[in-house]
Amino acid sequence: MKKVFERPKSMYPVSTHYCPGCGHGIVHRLIAETIDELGILERTVGVAPVGCSVLLYNYLNCDMYEAAHGRAPAIATGCKRVHPELVVFTYQGDGDLASIGTAEIIHAAARGEKITTIFINNAIYGMTGGQMAPTTLIGQKTTTSPFGRTSKDTGYPLRVSEILATIDGAAYVERVAVNDPKNVMRAKKAIKKAFKTQMKDLGFSLVEVLSQCPTPWRMSPRDAIKWVEEKMMPYYPLGEFKSPKREG
Amino acid sequence: MKKVFERPKSMYPVSTHYCPGCGHGIVHRLIAETIDELGILERTVGVAPVGCSVLLYNYLNCDMYEAAHGRAPAIATGCKRVHPELVVFTYQGDGDLASIGTAEIIHAAARGEKITTIFINNAIYGMTGGQMAPTTLIGQKTTTSPFGRTSKDTGYPLRVSEILATIDGAAYVERVAVNDPKNVMRAKKAIKKAFKTQMKDLGFSLVEVLSQCPTPWRMSPRDAIKWVEEKMMPYYPLGEFKSPKREG
Amino acid sequence: MGKKTLMTGNEAIAEAAVQAGCRHFFGYPITPQSEIPEYLSKRFPEVGGCFLQAESEIASIYMVFGAAGAGARVMTSSSSPGISLMQEGISYISAAELPCVIVNVMRGGPGLGGIQPSQSDYFQATKGGGHGDYHVLVLAPSTVQEAADLMMEAFDLADKYRNPVMILGDGFLGQMIEPVEFKHMSSTDRPARDWTITGAKGRAQNVVKSLYLKPDVLEQHNLGLHRKYQKMIKNERRVEAYLTEDAQIIIVAFGMAARIAKTAIKILREKDIKAGLVRPITLFPFPYQTLERVAEKVDNLLVVEMNLGQMIEDVKLGVCGKAEVHFYGRVGGMVPNYDEIVADVEKIVKESR
Amino acid sequence: MGKKTLMTGNEAIAEAAVQAGCRHFFGYPITPQSEIPEYLSKRFPEVGGCFLQAESEIASIYMVFGAAGAGARVMTSSSSPGISLMQEGISYISAAELPCVIVNVMRGGPGLGGIQPSQSDYFQATKGGGHGDYHVLVLAPSTVQEAADLMMEAFDLADKYRNPVMILGDGFLGQMIEPVEFKHMSSTDRPARDWTITGAKGRAQNVVKSLYLKPDVLEQHNLGLHRKYQKMIKNERRVEAYLTEDAQIIIVAFGMAARIAKTAIKILREKDIKAGLVRPITLFPFPYQTLERVAEKVDNLLVVEMNLGQMIEDVKLGVCGKAEVHFYGRVGGMVPNYDEIVADVEKIVKESR
Amino acid sequence: MKAPFYEDIILAGFGGQGIMFIGKLLIHSAMKEGRDVTWIPSYGPEMRGGTANCTVVISDEAIGSPVITSPHSLIVMNNPSLDAFEPRLKEGGVLVMNSSLITHKAKRKNISVIGVPANEIASEIGDKRVANMVMLGAYVGHTKTVSKEKILEGLRGLLGEEKRKLFEVNKKAFEKGMEFGKV
Amino acid sequence: MKAPFYEDIILAGFGGQGIMFIGKLLIHSAMKEGRDVTWIPSYGPEMRGGTANCTVVISDEAIGSPVITSPHSLIVMNNPSLDAFEPRLKEGGVLVMNSSLITHKAKRKNISVIGVPANEIASEIGDKRVANMVMLGAYVGHTKTVSKEKILEGLRGLLGEEKRKLFEVNKKAFEKGMEFGKV
Amino acid sequence: MIAINEELCKGCTLCVNVCPFHLIQIADRISSKGYYPAKFVDLKGKCTGCTLCAIICPDVAIEVHR
Amino acid sequence: MIAINEELCKGCTLCVNVCPFHLIQIADRISSKGYYPAKFVDLKGKCTGCTLCAIICPDVAIEVHR
Ligand SMILES: Cc1ncc(C[n+]2csc(CCOP(=O)(O)OP(=O)(O)O)c2C)c(N)n1
Ligand SMILES: Cc1ncc(C[n+]2csc(CCOP(=O)(O)OP(=O)(O)O)c2C)c(N)n1
Ligand code: SF4
Ligand code: SF4
Ligand code: SF4
Ligand code: SF4
Ligand code: SF4
Ligand code: SF4
Ligand SMILES: [Mg+2]
Ligand SMILES: [Mg+2]
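Going down the list, the sequences are from chains A, B, C, D, E, F, G and H. The first sequence finishes on residue 248 if you use the numbering used here, and the numbering steps up by one all the way, no holes. The second sequence finishes on residue 1248 if you use the numbering used here, and the numbering steps up by one all the way, no holes. The third sequence finishes on residue 2353 if you use the numbering used here, and the numbering steps up by one all the way, no holes. The fourth sequence finishes on residue 3353 if you use the numbering used here, and the numbering steps up by one all the way, no holes. The fifth sequence finishes on residue 4183 if you use the numbering used here, and the numbering steps up by one all the way, no holes. The sixth sequence finishes on residue 5183 if you use the numbering used here, and the numbering steps up by one all the way, no holes. The seventh sequence finishes on residue 6066 if you use the numbering used here, and the numbering steps up by one all the way, no holes. The eighth sequence finishes on residue 7066 if you use the numbering used here, and the numbering steps up by one all the way, no holes.
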């Protein structure tokens, strides 16, 4: 018998601090597999956000920065401009990227910065206990939208991939999910494509991942997956929003 | 004989500090005419940016804030949430809105904030002496892109209207120019429509104005106009990018 | 109200804001103060208030700018890194002379630091973390009750001086539960606000601004602000003196550290060491005179802080060489230990005999 | 180089950075320092450097964070409001112990204020405008030559302590032209940087971070930083003493104000009043000892600042009651007038007779 | 004149064991007796499990430090909590520990130890979730820090309308605990 | 031993009149004579016209204040500058004013006034833009602050390769001015 | 007929450019602000009051009568 | 065949959900971390090693052999 699935080498063999059923763990593994498969562990640099995944460097064993809230793309830019030969990625939540870090992500894309962003959209601020995010759905209850988000007062959830796809410097933008094995595999493909886009110097690349966040959603992990499918996907359609031009 | 054209009442009868041929003066007048025609001087509030038009309150005589650089939409939000009955507009340059204030404008739009933004895109930082803006064209020389902007190092100019049009909370987005009388009239119509969009509570509205900035462009006012037509318009096409849904 | 209820410090601060007539909140979540926005997001709909979670602390402080300029009672709250992001805005608000209340529930720093209680933002709050010559009026409660009381007063002080007022607490103050009673506000009248942005109806244009391109004009503006700060210094200094009358040694501490010091003082007095406490309640204006006075009566002061020595500079400025000033500080989320304070005091007393 | 040329302070600072081996600049335009980025946007292509105009000061300081973490000699520059926006980032850089150089060419504040020269960001620079217990090493040049010299040294100091170093100048220092000569750097060797982010090739992972969730660990981290600051205090205090030996009164001033004071001192000495100058060159660490020493010899000190009284607190902490400390300040872009300094000194001398 | 009453307690256990709740219940009840009270929690990224603790102070006088270096009493519900807090207990202090889950032994001799098989008792009562109330009962039964009446009054208040139906089982658990503590 | 040389000047005029340039030329030339120099400009949103001024200090010793309250000399090229700076001129100081454009009269008696029809002279020479050099010439001719040689050396340097062809007309203007100043 | 306010005019020439009848010229006199202002020269009364010049004027220096 | 690492498993049940042959169950034992871990019960050797369970596992607690 042969091992056909095991922990990727780019991951430390440790238990994570995430809630049971949290999507972060799946995405971490996909990044690690990508790094392993591309053989780039020794030249990959990650930038962890402020959010539940702030401790990402405890799980992936490439060189890493811990960013300030929202500023991962700026830090990645600083690093990439010093070491253009490295593969630099940021890993960011929806509070981090779509709220406080809006300017940084838009301008990293506009500059066509040769970095990759893995964007975890779980429609909430996980780390701080479940406040509303810019991606929180209409009607969704959070600790700061206790009666459900209304468009009257707070407008509409931001569709980050759609926005970034309008920007010339963004070479590759895709939205995926990790709700079932098929989509996990697609997410993996997208992440790999994003890294390759960077390695080919084609510009900025971003993969948005719809991710389950059971605890602050106040759901079981299974219900959380159902919620991703039934509520998130209709508003956040999966798919490739921008395709790298010269991808081989 | 009848006066068929005179200074609008909402403008102070003073000379401006702008360079000869600067587009700001034209847009100021269009806003004043709009305020006059809608009869809303007593309930209009403007928010001046940091940029050449920081002294806007010396020219328009409605109530006004002077914002910090990039933060006009946040200030307008604070005001509008206190006085929903007022008509609140921000007036912002491309450095102010498209660079440092990126997050604030995106989120004002996302919230569907009932404010109007007049966005002066002159492809440069006028106030501080002609540095590169996010809207500076490829090849354009500025004091911080002395050899001409290259996409390799700095990516591509941001198309703000196109970005904002993807956002649900933005009810009305149009790009106009003030290079000739016909376009000035169109710009006027757009500004009026934007104010009306706000007054009907339809959501956020923005008018992007391509504007000549002769001095830091190192051109005569006439050449500046030609440059708007020949260089800016092809990259920044005029037109309505988002139409208010229930506009009457 | 007028009835004692149990509340966390964060909740009490939020409810006090409601009681003080605050109806606008703009803020961004951050531990350990998120219960303030969370409370208000629930509570404001009952009273017709406007709760808005901003996209960032920067946006928050400028929404506060906008609402304050529009004449509203308005507040924001955050914790250390978020307050750092507000420094430009606080400078602008001070310059434009807008009344508002800013709550900082401090956590360990620098950088991302930690989320445990700290008093490491003393300098930032009192000396001005932003640019330019300006001052925020800083109030440092040490109990949940005092947090509620000072919070209510903060709005009045903000109005009185047209100046930002900061409530400076620590993570424990925000998270702990204690009894609290909301006193009826003596008056909810606010000073005239004819300078606010309301639409120029029947009057000339109002402008809320901070740019003065001519240096002589800007100097005059600064001198005007300076006179206001002098007025605060004259009128608003507050300090608690606890068992100072007969004291042979004085502990100086604010907020949570002061409470811990009180327990140490009880233990010390049981050991026949007459220790007393000076607890600055206003950190700006700082009660230098009280320090000067006690320094004339004792040979030693011990400053206790949840940082590595910040308020001690103000204490020294007050003491001005008239007594020895010692320091005991814990940092990074560690809180001072009253047994260690006792030991320190015993040592000082022994050595100075 | 080694030849005197005429340059503005801003240009000299920029060229000094190039000479010091700095090859990465991230910044955002603001008057009166935009000539620094402008110069480098022209100059860097010649030497293979990377100039990048960021979308904001916040992005700038975090690009600096990224580049410094990656091992580069890196800088940013701004002026007062922009520096306020960097406070969170400066706290993060200090916490993560990254070497970098930050230039603040100060203008009048608070708020948008004005664009004329000022020294109103003294507190922010020296006490820490960001959150947490941290310190930036602050250098205050008073001539274009010194700006260039200190700028070159700043990079070495940053490397030596793995700490941000700030060059604190004013608008006039940035705009004025003076002769400047670029000294050959004694050494361009940089200390080992085995902690930097370069890709984990042949070694374990490196992490650049500032979060320490456990308070005892964060306390240790803070104490480690504290020890570093103590080292700076021990080794890096710099001060110019000008005609202090026989002085009957001492003026204390830094940067531009100190130059103006020198002219006043010349005039005073012509009038047979023996005035001297203490000019702190490092503002953190502050040369308290020098002040203490001179305070033993004179009865009066006059602090001259382009603000409403900030460094005076440090002067008083140094003097510690041993002499009277007077103040003369101009603010908002107004610069001190040497004739007024002369008059003030004459008055003090007369009254103290 | 009686010496003024003063008591401080640290309560600790796993995240879901209801430690915070019984701490709050203590102060609610003690406040009803006219005393000053403080409750201070460990806090953090609570989302993600781990252990939790809180500190309660009850006093006739205004409370100084709400943070307690060496508490008079300790209620612990799992092994890590025992290990962490036992050394800090005051000499002569009271340690109430959940013997259903705690396999470690108390090490100190100069304290009173009360082992309570709280989970078993709770199971007997028919609701595993009320082990915390058993613990509280044992503590109150032993120390008499607050009266049973005030605890029940407090309980009713804290449960509120929605959870009114849980009152009886909690009450029962508390009473069982009290008996246990009195022994 | 000669007393160390010291001179300070304020130069002021409309934005486009070349005031900044002649200030810079002064310090370039003076530096070539081994002196310490400073030049400090008024600065601001220059884009948009208005008046401009700069302050020059030249000294044998290290220069203290580069900001001058009451200068020894004043070169002014328009009315507002005369109005603004005349009161600040030191007693006995030198005021060089462009009489082509300045219609106001100098008010003070305790100074030396040199009126220079700089625009006319420049027009005669054939280039309106060199009025500034006429003014500088008049000032240098009168005060001998720097030598003509160093001025011309400095001029060559400042004009650089691109504007080399303007050297002669500038030189001529300067010389005409010098003659005027010597009178 | 138009009236150009010389105190406001900055001589940018934009009006000169748009007048269909070339009725506006730049004066060779300097204004008190230091600009060469525009002047209206309509000897034959050709001005239709079309307002094009006023519409493009960045300094609202032109009033139009018809 | 799969191996579930109980030290890593948090009992989220996602693997239980995806196994086409229902070969994974939640144990009623508490792990040292306080979770009810998943256990692999494949008495009939039905496991195809399809890896679906491992792919969805957020805690990389499953190794698959084939
Ligand atoms: C400047 C600043 N503001 C706020 C915070 C508090 N904070 C930490 S994480 C976070 C949001 C996390 O949400 P998200 O980015 O969606 O990540 P998730 O935890 O959901 O994965 C916030 C607001 C902070 N640390 N710093
Ligand atoms: C925080 C901050 N950063 C930078 C500046 C300097 N600044 C003033 S205006 C400006 C840019 C103006 O450009 P733009 O917004 O395009 O307006 P324009 O002048 O072109 O109309 C800048 C960078 C500032 N005042 N505050
Ligand atoms: S809060 Fe949400 S994102 Fe954070 S660990 Fe829990 S499930 Fe994951
Ligand atoms: S710099 Fe440009 S925007 Fe500013 S006044 Fe001049 S022309 Fe107008
Ligand atoms: S109104 Fe029309 S015709 Fe008359 S001057 Fe103006 S542009 Fe010419
Ligand atoms: S357009 Fe206006 S400012 Fe320009 S030249 Fe004509 S009148 Fe003068
Ligand atoms: S590998 Fe496939 S068949 Fe085997 S246990 Fe996992 S999901 Fe079931
Ligand atoms: S998916 Fe992983 S963590 Fe979840 S129950 Fe299965 S093995 Fe455990
Ligand atoms: Mg999230
Ligand atoms: Mg612009």
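Beta carbons are placed, not taken as given, at the ideal position from N, Cα and C, and that holds for glycine. These numbers come from a predicted model, not from an experiment.
Looking at chain J, is there any beta carbon in it that lies within less than 8 Å of the beta carbon of residue i?
| i | result |
| --- | --- |
| GLY1169/B | Included in the structure are the protein chains A, B, C, D, E, F, G and H, with no chain J among them. |
Does any residue of chain C bring its CB to less than 8 Å from the CB of residue i?
| i | result |
| --- | --- |
| GLY4064/E | yes |
| ARG3227/D | no |
| LEU3218/D | yes |
| THR4145/E | no |
Would residue i count as contacting chain B if we go by Cβ distances under 8 Å?
| i | result |
| --- | --- |
| LEU210/A | no |
Alpha carbon to alpha carbon, how far is residue i from residue j?
| i | j | result |
| --- | --- | --- |
| ALA6027/G | LYS2214/C | 33 Å |
| ARG3073/D | VAL5169/F | 47 Å |
| VAL47/A | LEU41/A | 14 Å |
| GLY4018/E | VAL4116/E | 16 Å |
| VAL1228/B | ILE1035/B | 27 Å |
| MET5047/F | ILE1124/B | Low local confidence applies: a pLDDT of 43 at MET5047/F is under 50, so the model's placement there is unreliable, with the coordinate-based value given in what follows. If you take the alpha carbons of MET5047/F and ILE1124/B, they lie about 13 Å apart. |
| GLY1023/B | ALA1098/B | 18 Å |
| GLY2130/C | GLY2309/C | 20 Å |
| LYS3350/D | GLU3324/D | 14 Å |
| LEU2040/C | VAL2103/C | 14 Å |
So, at 8 Å on beta carbons, what are the nonlocal neighbours of residue i in its own chain, with the 5 sequence-adjacent residues on each side left out?
| i | result |
| --- | --- |
| VAL2239/C | VAL2278, ARG2279, PRO2280, ILE2281, THR2282, PRO2287, THR2290 |
| SER4147/E | SER4029, GLU4033 |
Chain H beta carbons: is any one of them nearer than 8 Å to that of residue i?
| i | result |
| --- | --- |
| THR16/A | yes |
| LYS152/A | no |
Less than 6 Å between C-beta atoms, sequence neighbours within five positions excluded: which residues of the same chain meet that for residue i?
| i | result |
| --- | --- |
| THR1154/B | none |
| CYS2050/C | HIS2024 |
| MET7001/H | CYS7047, HIS7065 |
Is the beta carbon of residue i less than 8 Å from the beta carbon of residue j?
| i | j | result |
| --- | --- | --- |
| PHE7021/H | CYS7053/H | no |
| ASP5008/F | VAL5056/F | yes |
| CYS79/A | GLY3066/D | yes |
| ILE3013/D | ALA3147/D | yes |
Let me see if you follow: with CB-CB separation under 8 Å, is residue i close to chain D or not?
| i | result |
| --- | --- |
| THR44/A | yes |
| ASP63/A | yes |
Within the 8 Å Cβ cut-off, does residue i reach chain F?
| i | result |
| --- | --- |
| LEU3168/D | no |
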